[in-house]
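Report on one structure; see the data block that follows.
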Amino acid sequence: MRLARLALRPAARLAPRAGARALAAAAAALGGAWAIRPLSADEAREAAAAPSEEAAEAEAEPTCLQMHLLPDSSKRLLARYPPMHERPLADRVLLRPCVTEAREDAAVHVLAYVEDGTTQSVLIRPGTGLWEGVPDTYGGSGYPVIPISIKETPELPPAPEAAEGGEEAAPATRSAWEEIEEPWRLLEASGFLIVVRGEDAMPTAVRLADGSNEWHGDLRDAAGGVRRAGVTLVDPPEGMELSARTSVPECGFCRFMRAGPCGDVFTKWEKCIDRARDSNADFVDLCGAETLALKKCTDKHPEYYGELSGGGDEE
1 MRLARLALRP AARLAPRAGA RALAAAAAAL GGAWAIRPLS ADEAREAAAA PSEEAAEAEA
61 EPTCLQMHLL PDSSKRLLAR YPPMHERPLA DRVLLRPCVT EAREDAAVHV LAYVEDGTTQ
121 SVLIRPGTGL WEGVPDTYGG SGYPVIPISI KETPELPPAP EAAEGGEEAA PATRSAWEEI
181 EEPWRLLEAS GFLIVVRGED AMPTAVRLAD GSNEWHGDLR DAAGGVRRAG VTLVDPPEGM
241 ELSARTSVPE CGFCRFMRAG PCGDVFTKWE KCIDRARDSN ADFVDLCGAE TLALKKCTDK
301 HPEYYGELSG GGDEE
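Residue numbers for the sequence shown follow the numbering used here, beginning at 1 and rising by one.
Encoded structure:
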């Protein structure tokens, strides 16, 4: 598994215009949500008059919301299960079905905790009201989990060329989400953990096959490998209750910037970019002061923001 860290480079001595362009480029490259160049009047009329098939399909499909623990619940979870790996999380609630209902305070119940040397996570029972009727499980119901921490793995060297054709042999990889779910899948598939699911395919209760509250042992995966794992039931049968909220997905760059010591400065810069877009103004000219303030702040906090622009002294 390759888990990429967010690597940002500092804007070293950039002029206001260059600094603004660098930050805007960073936002775009990391999934920023801004459209820096507004549509012209002709483009806007054309887009409104002839919407694409993709847009029509997207409009027909519900927006899938993300679920995040409230700060107090995140602190409680980390206090009970301190992170063991380099990448602490305890924020996002991973749910396979599409969450469609906005909730400011949704209950989630922790049913069990697992650690397998690569990941730490808890299996949860989601509260009600996250979707209308039965959730869409077309992509599978999976295992609703909250990751606590993930072990960083070094990037692998390029694969050797295949014997024929000169093509690189691409190893099978799992996403971070799949890697976090994997010990739960193996525990249930091996019969050690019994997961009781409700009509919505979400877990309602769990128990260990031997009747105990804790199990440690080896799990064999489909590739024949073995991983050492441990699972502990959490205060059965109700579990540990946490609170979360659902919201429209936010770009990773925005969440990263706001969560750091320059969050307020970034928010002011973002609002200026939005004003430039809405007024059809040049964001470089309009937001020079906000850009310099953001650059100055991030340069003061390399321990969090790392390197933000690409380095070098180019103007």
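Idealized CB from N, CA, C, for every residue including glycine.
{"Query": "Which residue's Cα is closest to the Cα of D210: L286, T232, D299, S247?", "Result": "T232"}
{"Query": "Are V234 and V99 close, meaning C-beta to C-beta below 8 Å?", "Result": "no"}
{"Query": "Terminal residues of the continuous beta strand (DSSP E) containing E270?", "Result": "Run containing E270: none in the beta strand (DSSP E); it sits in the alpha helix (DSSP H), 263-279."}
{"Query": "Using a 10 Å radius around the Cβ and a threshold of 16 neighbouring Cβ atoms, would you call T246 buried or exposed?", "Result": "buried"}
{"Query": "Mind reading off the beta-carbon distance from G127 to A106? Whole number of angstroms is fine, and I expect it under 8 Å.", "Result": "5 Å"}
{"Query": "Taking only the alpha-carbon atoms, compute the straight-line gap between L130 and Y304 and give it to the nearest angstrom.", "Result": "34 Å"}
{"Query": "Is DSSP giving T298 helix, strand or coil here?", "Result": "helix"}
{"Query": "Expressed to the nearest angstrom, what Euclidean distance is found between the alpha-carbon atoms of A205 and C254?", "Result": "36 Å"}
{"Query": "Give me whichever residues DSSP pairs with H216 in a beta bridge.", "Result": "G230"}
{"Query": "Which of the three DSSP states is assigned to V248 in this structure?", "Result": "coil"}
{"Query": "Among the residues of its own chain, which have a CB less than 6 Å from the CB of P249, if the five just before and after it don't count?", "Result": "Q66"}
{"Query": "Comparing alpha-carbon positions, which option in L187, G225, A201 lies nearest R207?", "Result": "L187"}
{"Query": "List the endpoints of the continuous beta strand (DSSP E) containing S175.", "Result": "That residue, S175, is in no beta strand (DSSP E); it is neither H nor E in DSSP."}
{"Query": "Could you work out which residue in R96, P97, P88 is closest to Q120 when comparing CA atoms only?", "Result": "P88"}
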